[in-house]
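What follows is a set of notes on a single structure, which appears directly below.
In my numbering, the protein residues as written are 1 to 148.
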């Protein structure tokens with residue numbers, strides 16, 4: 001998998017369409033989750049796009065401190081259903097952690113994770129910091145990554 005990092009203004013119309021389509025297909029169609037997809041946070045985010053043979057197969061956005069939380073954050077993490085179990089999500093997610101900690105020099109990253117994914121996030125160094133709560137009908141937990 002090849003991945004690129006772009007600011008919102010660097011995304012072409014076609015790239016933005018691909019991103020929104022992938023996010024919609026997974027979060028709204030597959031997970032049957034009704035939520036505010038267009039939350040005005042994309043403009044302040046960096047977008048990590050993962051491609052396999054020219055097809056967008058994985059995506060996430062990283063948000064600077066103060067956009068979603070006091071800490072930097074990772075959100076809208078998604079892998080195309082046909083490309084799961086290939087390690088693409090891990091490559092992209094760990095790349096985002098590295099970017100936040102090495103380029104932005106941030107020591108903490110906070111996320112709201114779907115509870116069923118918490119073991120994956122724990123395997124990358126995150127720890128659960130809240131009780132489960134519902135967000136758009138899906139159980140979530142807050143998690144925190146801290147450099148020592």
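Beta carbons: idealized from backbone N, C-alpha and C, even for Gly. On a predicted model such as this, the values are computed, not experimentally measured, just so you know.
Enclosing beta strand (DSSP E) for residue i [first to last residue]
i	result
residue 95	Premise fails: residue 95 lies in the alpha helix (DSSP H), 88-98, not in any beta strand (DSSP E).
Beta-carbon spacing of residue i, residue j below 9 Å
i	j	result
residue 3	residue 49	yes
residue 150	residue 24	Since the first residue shown for the chain is 1 and the last is 148, residue 150 is missing from the structure and cannot be characterised.
residue 30	residue 137	no
residue 41	residue 67	yes
residue 142	residue 97	no
residue 63	residue 77	no
residue 19	residue 56	yes
residue 22	residue 51	no
Bridge-paired residues (DSSP) for residue i
i	result
residue 114	140
Buried versus exposed call for residue i [16 or more other C-beta atoms within 10 Å across all chains shown]
i	result
residue 145	buried
residue 100	buried
residue 34	exposed
residue 116	exposed
Residue range of the alpha helix (DSSP H) that includes residue i
i	result
residue 13	13-23
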